[in-house]
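Numbering (this note's numbering), first residue to last: 282 to 357. Here a beta-carbon is modelled for each residue, glycine too, at the ideal position from N, C-alpha and C. Here is the structure we will look at, set down as structure tokens.
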Amino acid sequence: MNTVEYSALADRTAVEWSSLQNYEMFSLSADGSFPMIKVSRSKAVRIADRQVMMVGSGRCFRVSLSNHPNQNKPQP
């Protein structure tokens with residue numbers, strides 16, 4: 282596998298779990314760490330290990346990825 286790094290933005294203001302759309306990325310931390318994806322009204326998937334988690338309610342921070350991966354080009 283190749284290593285790929287992406288930039289992301291995390292909202293500064295928490296939103297209610299119920300306001301997220303399905304397949305929207307979010308984090309439970311304001312710094313955007315450990316991102317997850319909402320997959321249904323009561324479930325989310327952790328991106329790191331693809332494990333499904335049950336979610337009842339709560340507040341979270343939306344996360345948006347950049348359009349392009351960061352490229353580490355070799356220095357000439």
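Exposure label - residue 342; buried when at least 16 CB within 10 Å: Here residue 342 corresponds to residue number 61 of the sequence shown, with the count starting at 1. It counts as buried.
Simplified DSSP assignment, three categories, for residue 345: As a working mapping, residue 345 is identified with position 64 in the sequence shown. The answer is strand: DSSP assigns residue 345 an E or B state.
When 285, 312, 282, 300 are compared against residue 320, the one with the closest alpha-carbon: Along the sequence shown, one-based indexing puts residue 320 at 39. That would be 300, whose Cα lies nearest to the Cα of residue 320.
Cut-off 6 Å between Cβ atoms - residues of its own chain near residue 339, not counting five sequence neighbours on either side: For the purposes of this step, residue 339 is taken as the residue at position 58 of the sequence shown. Excluding residues within five positions, the ones whose Cβ falls inside 6 Å are 298.
Alpha carbon of residue 312 to alpha carbon of residue 283, nearest angstrom: To locate residue 312, count along the sequence shown from 1; it is residue 31. To locate residue 283, count along the sequence shown from 1; it is residue 2. About 25 Å.
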